[in-house]
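Novice: Residue numbers (the working numbering), protein chains in the order written: chain A, 39 to 763; chain B, 39 to 763.
(1) Closest to residue 303(A) by C-alpha separation, out of 266(A), 353(A) and 534(A), would be which residue?
(2) Can you have a look at residue 119(B) and say buried or exposed, based on whether 16 or more other CB atoms are within 10 angstroms of its CB?
(3) Report the three-state DSSP secondary structure of residue 232(B) (helix, strand or coil).
(4) Beta-carbon of residue 694(B) versus every beta-carbon of chain A: anything under 9 Å?
(5) Measure from the C-beta of residue 392(B) to each C-beta in chain A and report whether the shortest distance is under 9 Å.
(6) Identify the continuous beta strand (DSSP E) that holds residue 397(B) and give its terminal residues.
(7) What does residue 160(B) pair with, by DSSP beta-bridge criteria?
(8) Within 9 Å of any Cβ in chain A, is that where the Cβ of residue 239(B) sits?
(9) Around the Cβ of residue 116(B), are there at least 16 other Cβ atoms within 10 angstroms (buried) or fewer (exposed)?
(10) Taking 8 Å as the cut-off, does the region 280-287 of chain B touch the region 316-330 of chain B (at least 3 CB pairs, one atom from each stretch)?
(11) Check this for me: beta carbons of residue 379(A) and residue 360(A), under 9 Å apart or not?
(12) Is the distance from the Cβ of residue 470(A) to the Cβ of residue 678(A) below 9 Å?
(13) Assuming residue 745(B) is part of the alpha helix (DSSP H), what are its boundary residues?
(14) Apart from the five residues on each side of it in sequence, which residues of its chain come closer than 6 Å, Cβ to Cβ, to residue 621(A)?
(15) According to the neighbour-count rule (16 or more other Cβ atoms, all chains shown, within 10 Å of its Cβ), is residue 538(A) buried or exposed?
(16) Pull up the CB-CB distance for residue 415(A) and residue 465(A), whole angstroms please, since I reckon it's below 8 Å.
(17) Secondary structure at residue 593(B), three-state DSSP: helix, strand or coil?
(18) Between which residues of its own chain and residue 250(B) is the CB-CB distance below 6 Å, once the five residues before and five after are set aside?
(19) Does DSSP classify residue 634(A) as helix, strand or coil?
(20) What do you reckon, are the CB atoms on residue 430(A) and residue 519(A) nearer than 9 Å?
(21) Please state if the CB of residue 457(B) and the CB of residue 558(B) are separated by a distance shorter than 9 Å.
(22) What residue does the beta strand (DSSP E) around residue 377(B) start on, and which one ends it?
(23) For residue 672(B) and residue 566(B), which I take to be in contact (beta-carbon distance under 8 Å), what is that distance rounded to the nearest angstrom?
(24) Check the C-beta distance from residue 316(A) over to residue 288(A) and give it rounded, since I have them as a contact under 8 Å.
(25) Is the region 126-135 of chain A in contact with the region 198-206 of chain A, if contact means three or more CB pairs nearer than 8 Å?
(26) Can you find at least 3 beta carbon pairs, one from the region 409-423 of chain A and one from the region 164-184 of chain A, that sit closer than 8 Å?
(27) Is there contact between the region 59-79 of chain B and the region 136-155 of chain B, where contact requires at least three CB pairs shorter than 8 Å?
(28) Of the residues that make up the region 495-513 of chain A, which ones have a beta carbon closer than 7 Å to any beta carbon in chain B?
(29) With 16 as the cutoff for other CB atoms within 10 Å, does residue 198(B) come out buried or exposed?
(30) Just how far apart, CA to CA, sit residue 144(B) and residue 157(B)?
(31) Strictly by DSSP, which residues pair up with residue 585(A)?
(32) Going by the beta-carbon positions, is the gap between residue 585(B) and residue 742(B) smaller than 9 Å?
(33) For the region 214-244 of chain B, enumerate the residues whose C-beta is nearer than 8 Å to any C-beta of chain A, in chain order.
(34) Between the Cα of residue 543(A) and the Cα atoms of 695(A), 311(A) and 752(A), which residue gives the shortest distance?
(35) Determine the chain A residues that contact residue 305(B) at a beta-carbon separation under 9 Å, and present them in chain order.
(36) Measuring CA to CA, which of 660(B), 264(B), 499(B) and 590(B) is closest to residue 451(B)?
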């Protein structure tokens with residue numbers, strides 16, 4: 039008998055190890071739930087002997103299923119579902135669906151609909167854990183939080199946690215086209231298999247919803263802001279409704295973009311003028327049609343009169359006229375309009391950085407109650423670094439929704455390791471001084487500064503069909519960080535990096551500290567090797583993978599890198615002070631006085647606001663030219679340092695993910711060198727100065743860098759024109 | 039102690055079951071290696087106690103690794119690598135790398151480079167299993183065959199297997215573009231991440247090579263026959279070389295398509311005329327450059343003077359002139375040219391079915407020794423059913439390579455369950471009578487009829503980035519079947535279906551028989567609901583997902599469905615007899631006499647060759663019109679029958695794959711109904727006859743079917759023209 043057992047044991051352990059040796063492909067993201075090591079195992083088990091859940095709504099079922107999946111993975115077996123709570127139980131629900139929770143009389147009032155508390159309470163001769171909320175959605179978020187505690191090896195025997203989201207609308211924006219391409223192809227194709235919807239519901243949709251719920255994201259805009267009217271046809275509404283059905287249990291609402299000319303394109307109306315009654319009636323009917331299919335539809339995201347998209351200005355109307363027409367149609371159903379402030383005009387000679395402010399600031403107070411104006415973090419376009427957008431603080435009567443890019447379109451795409459948590463924190467912590475010191479972007483976004491109840495934060499999604507979702511393992515951290523900052527705009531990047539690194543890779547101290555160091559320094563390296571000292575928008579044409587500071591032949595002035603860096607024989611940088619475009623005047627006086635002064639503005643933003651002579655003395659005592667070369671070089675060296683650190687982490691990471699990251703770092707190192715060398719080669723033709731001692735000349739001539747061409751870069755679709763076989 | 043063990047056992051078994059309960063996502067294809075049930079387990083273990091391998095080439099390492107992986111999965115532990123063989127050993131290698139195999143003096147002469155034998159031999163007081171070949175590649179193929187025996191629960195104690203491939207070049211053709219789109223988007227994006235190559239080598243490339251090796255595929259053409267010259271630039275050659283490096287251990291060679299105008303496009307030559315010395319020199323230098331990067335490069339696949347592709351006829355030269363020029367450059371390196379016969383001309387009023395024959399047959403004997411002419415199975419274009427291509431049997435002095443489509447571009451793409459093994463078998467078994475009875479297509483393709491040593495079979499790949507590789511679980515069977523038929527063109531579809539079903543799903547008898555029935559009948563259902571009785575090419579415009587028999591407005595006559603069905607008030611079908619296009623004359627007299635006679639030709643091909651009156655009496659005694667309606671309806675009913683059968687298989691299949699297949703069958707059922715109803719609605723306007731009794735009228739009007747439009751069907755790329763944010 040014992041021998042037989044031993045043999046069986048051997049077989050099982052081999053099978054089991056075969057299972058866990060299975061390569062990690064990144065699909066599970068931070069919800070890996072791998073078995074916990076011994077000491078913690080026993081402690082956690084004692085506190086998770088059963089799950090007691092109230093209600094059987096789809097959301098409560100999802101919460102319980104996640105607890106079973108998570109605890110089953112972490113502890114080796116899934117706790118049974120109990121009928122009544124006892125010592126060691128995990129009790130989850132709301133006062134309405136669980137009498138035992140109602141009986142505890144917990145202080146849930148301030149938690150709202152989505153907040154939750156997690157508490158250790160006395161129960162009989164022991165304790166139980168209560169995850170309680172006012173609504174099932176809050177309970178689901180609490181379940182993920184509880185699992186995270188175990189994933190992070192936190193004690194769970196004396197819990198007293200309250201968590202309430204700081205922002206109401208926490209949304210992903212998918213720049214996904216109806217043909218399943220994605221704007222620039224960040225991580226494979228679109229997750230939405232439009233062709234097979236609504237009949238086929240890919241099981242991956244459920245995982246997408248789970249992952250978003252795990253970080254508190256509660257809405258998703260399914261299609262590209264560069265929009266097709268077809269997304270509003272009956273066929274596509276039915277497809278969106280199928281996704282909404284899958285997402286609903288996870289508290290994830292569906293939103294759509296709306297092409298402003300849809301009444302003309304879909305039903306042949308003679309105009310899309312928002313003040314024409316027939317147009318208003320068309321939108322009202324369309325919105326009613328959507329709500330019949332999707333009762334909890336979230337609303338519209340609109341890019342209008344920008345980069346070729348139609349809008350109300352086509353008819354002499356304002357952005358407010360356009361937004362309010364849609365808002366009127368959505369209001370009876372509780373839907374919102376998110377109207378984007380990312381606008382600039384070909385015919386406008388004004389500094390591009392000023393145009394959004396000029397168009398929108400005068401409209402403050404003119405938008406309907408269910409309109410948010412969605413503003414990118416900076417005034418240009420998701421660059422490695424931008425000063426905060428001047429609209430923040432300038433439209434107190436309007437809810438401003440902050441738009442971040444989770445994808446890294448200007449930050450190296452998949453292969454560059456760049457953690458965006460520091461960028462998110464930098465923007466949110468920026469002080470607008472709109473109402474004096476402490477008027478941070480975070481306080482504008484969370485509504486506290488101006489007393490807005492309707493608040494939102496959007497992140498341009500980096501999730502696609504790639505098996506690891508995000509194009510690289512470290513890109514997953516940016517999705518995670520976005521969710522955490524949207525939940526709490528006052529959060530900090532470092533603890534978020536730590537949480538992610540622990541959940542995604544390892545809790546070993548030998549891993550965690552170096553991994554955090556890599557992540558926290560990573561974005562500054564990218565700024566250094568791409569656009570140091572406040573430079574911006576220097577990408578090559580047709581793709582955003584490499585440098586093109588020399589580009590001056592694009593049809594619109596403000597698409598050309600030379601427009602942005604303004605380098606010449608005298609110096610480099612864009613004068614946005616009173617002697618230049620005076621964009622500084624769009625900021626509050628306290629901020630403007632600093633940005634205007636080349637001696638006071640941070641080096642990080644120097645060339646954003648000032649045209650600076652090549653021989654200007656920097657705080658380092660180096661000339662600007664020398665400092666520029668030093669920064670470019672430092673960026674490259676930073677990537678080498680990340681490579682060295684990553685190489686020490688091999689013992690803690692499965693072979694497949696270790697090799698993937700290492701290979702991508704090699705590519706990043708090469709491309710950082712490319713950025714440095716090409717940029718220096720070009721700027722040197724203007725500065726006409728030698729490189730500082732000890733800094734290597736570019737590996738190739740400027741002509742060589744200019745000659746590089748990449749017609750098949752991802753997102754630059756170029757299938758053969760002739761189809762056939 | 040016993041209690042502790044039992045507890046540990048419990049934990050381990052839960053972990054282990056957690057592992058195996060993991061949803062099956064199809065990634066492992068037919069190489070799942072899931073644990074074998076008890077009785078077989080013990081028998082197999084006794085015969086696999088150790089692996090003894092000679093040599094340490096990359097290919098031998100791959101073979102041993104596969105045995106360890108496979109046996110480890112199937113039997114619960116991977117046998118150790120032994121130094122010397124003993125009873126129970128698996129001995130694998132060649133006489134050259136393994137003295138123990140040399141000592142056995144096995145009859146390896148007839149096996150060639152890729153054949154192998156697997157034998158049970160006496161060893162000491164027991165037996166051992168020998169997997170022996172002349173070359174490492176043969177040993178690798180033998181390893182996969184050996185594992186397959188276990189996967190199929192075959193006895194392995196008295197083995198005496200010889201296997202030699204019947205065809206030399208067994209190739210996949212990827213219609214993958216350099217921007218990672220795929221011709222019509224069969225299964226996600228291209229597997230080749232060109233942008234990250236050569237620096238990043240996706241681990242999936244190894245699995246791709248393993249899978250191909252498991253079915254004997256030994257070459258892959260990486261890029262689309264609708265070709266870009268850029269595939270021959272230094273940058274892309276380096277990328278192809280990286281793939282070749284990954285594939286090489288698995289016996290998988292890399293090939294490329296060659297755009298005929300490349301000398302002009304890449305290096306500004308004034309002409310691409312194949313008789314101009316500078317052009318010949320350009321190709322020679324280009325080929326030399328490729329071989330420096332890829333020493334075992336396979337050669338070029340060329341689509342020339344067809345559907346807009348450039349070719350030698352642009353310069354008044356023949357296909358032979360073009361092919362021979364490339365052949366001359368490749369010959370010193372051992373490379374081949376595969377020159378496609380899929381040609382037809384806009385300016386040629388001749389029956390499209392006749393044009394390839396007319397252009398190529400006169401060139402027989404004029405091609406260089408290392409040229410194969412690659413001929414599709416039928417004369418039109420991968421339709422649900424076509425008679426065998428008339429070139430088979432008509433070019434005895436030229437090696438004809440057979441091209442099948444593994445993707446189902448005209449057979450419902452991913453969501454229609456259509457097993458192509460029966461189509462492959464039907465073509466290969468077709469008798470051309472070129473040298474009298476028994477002159478099957480298989481004997482032309484394997485070279486035995488005409489004494490060709492150079493032979494080949496190509497399959498247009500259905501593998502993409504979809505997690506299950508092929509867009510659906512059952513589509514995997516077509517990749518598998520193609521490989522098996524390429525290895526043995528005289529094979530039969532049914533045992534191949536059985537092998538695949540067992541390896542991919544279950545060996546349970548309750549599963550296997552119904553699964554085979556579903557697969558074997560599936561293609562006939564599709565023929566019935568799409569193009570019964572010899573009809574062909576009736577797809578809608580711009581996409582190939584649905585019916586468009588009414589389409590008559592495409593710019594070229596022979597792209598229009600009305601060109602192919604020729605239905606009118608009198609009847610339906612394309613008269614290809616002497617009273618019509620006389621395409622029958624392209625077949626040998628014995629075949630032509632049957633095809634020409636509406637009373638003798640198979641009903642399956644009736645309307646391919648004859649324009650038949652609506653009231654023509656069919657063998658069923660029904661009129662043609664009634665028979666057409668019956669066939670369309672029978673096709674739909676066939677899908678219902680597949681649904682019913684599949685529903686009985688739930689107990690044998692994991693929940694995820696079961697649900698996926700069921701969902702796709704529901705879509706197939708809907709679309710089969712669409713095909714039937716739209717086709718009947720249209721043809722009835724011409725036949726002006728009532729439906730036979732008991733057959734339902736179409737659900738919608740013809741106008742409704744004609745109004746359907748699908749601008750975003752996969753492969754019909756339509757990203758917003760304006761890029762921006």
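Backbone N, C-alpha and C fix where the C-beta goes; we use that ideal spot for every residue, glycine too.
Specialist: Per the coordinate set shown:
(1) 266(A)
(2) exposed
(3) coil
(4) yes
(5) no
(6) No beta strand (DSSP E) holds residue 397(B); the alpha helix (DSSP H) holding it covers 390-398.
(7) 165(B)
(8) yes
(9) buried
(10) no
(11) no
(12) no
(13) 740-745
(14) 389, 391, 392 and 614
(15) buried
(16) 4 Å
(17) coil
(18) 290
(19) coil
(20) no
(21) yes
(22) 374-378
(23) 5 Å
(24) No, residue 316(A) and residue 288(A) are not in contact; Cβ-Cβ is about 39 Å, not under 8 Å.
(25) no
(26) no
(27) no
(28) 503 and 505
(29) exposed
(30) 10 Å
(31) 577(A)
(32) no
(33) 215, 216, 217, 218, 219, 221, 222, 223, 226, 227, 232, 233, 234, 237, 238, 239 and 241
(34) 695(A)
(35) None at all; the shortest Cβ gap to chain A is about 15 Å.
(36) 499(B)
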